[in-house]
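A short write-up of the structure that comes next.
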């Protein structure tokens, strides 16, 4: 499949984690190359579905992958098709 034919709802293989994986904010921060506090903010605001145990955020792999799918920027013509 060429780049143009790839489905737009797929995520890059570096974000491919097991659906039942348990990820901490630090793990996600490393995957997306961002500060841990940014990931915690996503969790606090509900952008990234998570569980909070004693101040530690836990994210299930399937929720992380869905978050990444929603965050993927689509080409302008694809956005126009969905409007």
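Numbering (the numbering used here), first residue to last: 1103 to 1185. Using N, Cα and C, we set each Cβ at its ideal position, and we do this for glycine too.
*N- and C-terminal bounds of the alpha helix (DSSP H) containing residue 1160*: The residue given as residue 1160 occupies position 58 in the chain shown. For residue 1160, there is no enclosing alpha helix (DSSP H); the residue is part of the beta strand (DSSP E) that begins and ends at 1158-1162.
*If you check the beta carbons only, do residue 1163 and residue 1134 fall under 8 angstroms apart?*
Locating residue 1163 in the chain shown gives position 61, where the first residue counts as 1. Locating residue 1134 in the chain shown gives position 32, where the first residue counts as 1. Contact: no.
*Alpha carbon to alpha carbon, how far is residue 1157 from residue 1129?*
Reading the chain shown from its first residue, position 55 is the one you call residue 1157. Reading the chain shown from its first residue, position 27 is the one you call residue 1129. Each residue's alpha carbon lies about 16 angstroms from the other.
*Could you tell me how far apart the beta carbons of residue 1113 and residue 1171 are, in whole angstroms, since I believe they sit closer than 8 angstroms?*
Taking the first residue of the chain shown as 1, we reach residue 1113 at position 11. Taking the first residue of the chain shown as 1, we reach residue 1171 at position 69. With 8 angstroms as the limit, residue 1113 and residue 1171 qualify as a contact, their Cβ atoms being about 6 angstroms apart.
*Top-ranked residue by Cα proximity to residue 1131, from 1123, 1173, 1142, 1169*: Position 29 of the chain shown, counted from the first residue, corresponds to residue 1131. Among 1123, 1173, 1142, 1169, the Cα nearest to that of residue 1131 belongs to 1142.
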